[in-house]
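Visitor: Sending over a structure as structure tokens; questions will come in a sec.
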Amino acid sequence: MRSSNSNSRIGVDFQSSRLICARPNSHNRDENKIEGLIIPFPERECSLNHWILSGGFHEVLQKHRKQFSHFGGQAIACVLPESLTHTCILELPMGSEAEIHDLVAQDLADQQVLTTEELTFDFWVEENPTTEGMA
0 MRSSNSNSRI
10 GVDFQSSRLI
20 CARPNSHNRD
30 ENKIEGLIIP
40 FPERECSLNH
50 WILSGGFHEV
60 LQKHRKQFSH
70 FGGQAIACVL
80 PESLTHTCIL
90 ELPMGSEAEI
100 HDLVAQDLAD
110 QQVLTTEELT
120 FDFWVEENPT
130 TEGMA
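Counted the way numbering that gives the first Met the number 0 counts, the sequence shown spans residues 0 to 134.
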């Protein structure tokens, strides 16, 4: 999700399990002050990975949606531990960015228990596709 205010960001700190939202205070730009909101994740008896996959993270976002809106919090940035990330190289037919996005989403959904609506991912196309027209 993106915000029209590029200075607003929501970040997730998985080391201390809290949600952090901050932005420069527009009234004090010369002083470079930051106003922010820190929301600790609730106590849990399961692993962080299981908690995220079972919807715990989504619940926290929904519960504090009004507070996030004060920060223009439509931009969410997460830094995930390597154990929670998946990297792969796919050979896909050349197409529009939307077509390639859908193919990547479907391939990732096939490899995991998440649906294409639940997936969040980044992808990029090789600058020099193969002679077979693969991206």
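Even glycine gets a Cβ: it sits at the ideal position worked out from N, Cα and C.
Note that this is a predicted model, so its numbers are computed, not measured.
When you compare only the Cα positions, how much space is there between Gly54 and Arg43?
Guide: Approximately 12 Å, taken between the alpha carbons.
Visitor: Measuring alpha carbon to alpha carbon, tell me which of Asp106, Ile37 and Phe56 ends up nearest Ser46.
Guide: Measuring from the Cα of Ser46, the nearest candidate turns out to be Phe56.
Visitor: Rounding to the nearest angstrom, what Cα-Cα distance links Ser5 and Gln105 in this structure?
Guide: With a pLDDT of 46 at Ser5, under the threshold of 50, the modelled position of that residue is not reliable, and the figure given next carries that caveat. Those two C-alpha atoms are separated by around 30 Å.
Visitor: Quick one: Cα of Leu102 to Cα of Leu91, how far?
Guide: Cα to Cα, the separation comes out at about 8 Å.
Visitor: List the endpoints of the continuous alpha helix (DSSP H) containing Leu60.
Guide: Gly55 to Lys62 is the extent of the alpha helix (DSSP H) around Leu60.
Visitor: Taking the alpha carbon of His63 as the point to measure from, which residue in Ile37, Asn48 and Met93 has its own alpha carbon closest?
Guide: The shortest C-alpha separation from His63 is found at Ile37.
Visitor: Taking the C-alpha atoms as reference points, what is the distance between Glu138 and Gln61?
Guide: With the chain covering only 0 through 134, there is no way to say anything about residue 138.
Visitor: Measuring CA to CA, which of Lys65, Met93, Ala108 and Pro39 is closest to Glu135?
Guide: Lying before the first or after the last residue shown, residue 135 is absent from the chain, which here runs from 0 to 134.
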